[in-house]
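See structure below.
In full-length UniProt numbering, the protein residues as written are 1 to 289.
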């Protein structure tokens with residue numbers, strides 16, 4: 001490392017490749033340079049000039065070939081470095097060859113394997129960071145991020161977005177009567193009902209406790225109300241089929257993007273208002289507007 005550190009302190013050439021090629025060029029030309037200096041100093045050219053020219057040309061040709069070959073041998077290092085830089089900057093997965101068994105080949109294979117493993121780990125961590133561990137639905141962090149972007153895009157492209165806000169009716173009473181373990185089973189069942197009811201029309205989110213929401217791009221209010229009905233029915237059927245501990249119902253507020261809505265907050269606020277109306281009207285129903 002001492003020689004490497006010494007070369008880093010030299011200002012020119014700046015690149016790693018340039019330093020290696022310069023070292024090789026000087027190394028192959030030292031004998032020729034020494035000979036030329038000696039001939040100039042002693043003024044002994046004579047009939048040896050032709051030989052000197054031939055040696056010079058041969059040395060230059062050999063040097064060019066050696067530098068070209070050396071550059072080719074350095075390409076794996078350069079490609080591995082570029083792969084790391086591209087992943088760090090753009091998170092682009094590399095396509096390095098992994099079939100070679102020498103040191104440079106093992107370097108490329110190691111970089112390829114390490115980046116792919118790192119990418120899978122990052123994807124898993126990103127998924128965990130936006131997923132509710134109990135129900136497997138997305139969490140509040142996801143809706144705050146994706147929901148805002150979805151509403152912003154819908155406003156720009158004049159498209160519709162609908163939102164359901166869902167509460168489990170009298171969930172605290174259910175927990176007090178049956179225990180939190182069974183209460184968790186109810187929340188899981190509601191999450192399954194949301195997945196079944198929404199299908200591919202949107203994404204379910206657990207906001208916390210017994211509060212859920214569903215974000216549905218390109219779904220109008222009528223379709224959103226139909227989805228809400230399917231979720232309520234699936235919940236009641238699931239309770240009868242799988243838990244059989246009494247009736248559990250849902251109150252749901254439905255809102256769709258309006259021209260005056262500026263953000264996800266406006267969509268949520270109106271859905272919350274409709275949810276409140278559903279509860280005030282006796283629960284176990286949906287309210288839309």
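Glycine included, C-beta positions come from ideal geometry on N, C-alpha and C.
Residue closest to residue 34, alpha-carbon to alpha-carbon, out of 56, 173, 24 and 238: 56
Cβ neighbour criterion (16 or more within 10 Å) applied to residue 108: buried
Sequence-distant residues of the same chain with beta carbon closer than 7 Å to residue 131, five excluded per side: 138 and 139
heavy atom of the ligand NAP below 7 Å from residue 223 C-beta: In the structure on display, the ligand NAP does not appear, and there are no ligands present to speak of.
Opening and closing residue of the beta strand (DSSP E) in which residue 163 lies: 161-168
6 Å CB neighbourhood of residue 237 in its chain, flanking five on each side removed: none
Neighbourhood of residue 185 by C-beta, 7 Å cutoff - its chain only, sequence neighbours within 5 removed: 243
First and last residue of the uninterrupted beta strand (DSSP E) at residue 239: Here residue 239 belongs to no beta strand (DSSP E), and DSSP marks it neither H nor E.
Simplified DSSP assignment, three categories, for residue 57: helix
CA nearest to the CA of residue 104, picked from 80, 117 and 179: 80
Enclosing beta strand (DSSP E) for residue 262 [first to last residue]: Careful: residue 262 lies outside any beta strand (DSSP E) and carries neither H nor E.
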